[in-house]
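Colleague:
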Amino acid sequence: MTRIFDILFSFLGLVLLSPILIVLIIIGYFDTGSPIFRQERVGKGKQPFKLIKFRTMHPNTKSVATHLASQSSITKFGSFLRKSKLDELPQLINVLTGDMSLVGPRPNLYNQQELIEERDKRQVYAVLPGITGLSQINEIDMSTPKELAISDQKMIETYSLKTYFYYLFATIGGKGSGDRIQQ
398 MTRIFDILFS
408 FLGLVLLSPI
418 LIVLIIIGYF
428 DTGSPIFRQE
438 RVGKGKQPFK
448 LIKFRTMHPN
458 TKSVATHLAS
468 QSSITKFGSF
478 LRKSKLDELP
488 QLINVLTGDM
498 SLVGPRPNLY
508 NQQELIEERD
518 KRQVYAVLPG
528 ITGLSQINEI
538 DMSTPKELAI
548 SDQKMIETYS
558 LKTYFYYLFA
568 TIGGKGSGDR
578 IQQ
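With our numbering, letter number 151 in the sequence shown gets 548, and the count goes up by one each step, no holes.
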């Protein structure tokens with residue numbers, strides 16, 4: 398049932414927010430010369446997919462988990478995108494194509510070995526990754542792999558249509574702050 402809502406909400410989001418998306422792409426082009434960022438992530442069944450986001454870091458930044466990146470690698474416009482969570486909007490395309498859900502565990506990189514091991518123990522890869530979920534609204538990020546995997550497992554075990562909408566509305570309402578950045 399949530400897949401139907403994923404398709405409906407991601408399609409409507411892309412259509413209704415297209416003027417904002419276009420403006421952000423134009424500003425991003427002037428900011429970095431490459432406003433869209435694609436990165437291989439671990440999906441359902443540990444299958445790879447390309448996550449789509451607005452670029453918030455300089456194009457030559459090493460591909461590492463956000464909590465391992467330095468503050469100096471984030472552009473001024475990128476900082477705004479992260480604080481407002483607008484950098485996540487292009488992931489609606491990932492949701493529409495079925496690589497992600499609106500709600501699910503955040504997809505990690507393949508080089509995050511400790512997190513992969515913790516998530517494997519808890520069958521987190523049995524579900525689609527998502528844009529938001531229990532960990533995100535509780536500000537648990539990838540800098541604490543075991544805590545994140547435990548929270549992801551709890552979300553999966555208690556998942557329902559009610560929690561799906563709760564996580565969406567909590568995120569839209571501003572709960573959670575995204576991944577930490579090294580100072």
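C-beta atoms are modelled at their ideal positions from N, C-alpha and C, and glycine is treated no differently. Computed from a predicted model, the values in this text were never measured in an experiment.
#1: Quick check: the Cα distance between P487 and K441, rounded to an integer number of angstroms?
#2: In the DSSP assignment, what residue or residues form a beta bridge with K450?
#3: Rounded to whole angstroms, what's the CA-CA distance from I587 to S557? Just pull it up for me.
#4: Less than 7 angstroms between the beta carbons of I547 and G573, yes or no?
#5: How close, in whole Å, do the beta carbons of T541 and Y564 come, if the pair is a contact with beta carbons under 8 angstroms?
#6: Hey, quick one: how far does the beta strand (DSSP E) through V500 stretch, first residue to last?
#7: Helix, strand or coil: which one does DSSP assign to T529?
#8: Do you know how far the Cα of I553 is from the Cα of V521?
#9: Select from K482, E536, R452 and F562 the residue whose C-alpha is nearest the C-alpha of I423.
#10: So, under 8 angstroms CB-CB, I513 and V412 are touching, yes? Tell me the CB distance rounded to an integer number of Å.
#11: Using only the alpha-carbon positions, how far apart do I404 and L493 sit?
#12: Determine, using beta carbons only, whether G501 and G527 come nearer to each other than 7 angstroms.
Modeller: Looking at the atomic coordinates:
#1: 19 angstroms
#2: F434
#3: For the chain, the structure presents residues 398 to 580; residue 587 sits outside this window and is missing.
#4: no
#5: 19 angstroms between Cβ atoms; not a contact.
#6: S498 to V500
#7: strand
#8: 8 angstroms
#9: R452
#10: Contact flag wrong, Cβ pair sits at about 35 angstroms.
#11: 5 angstroms
#12: yes
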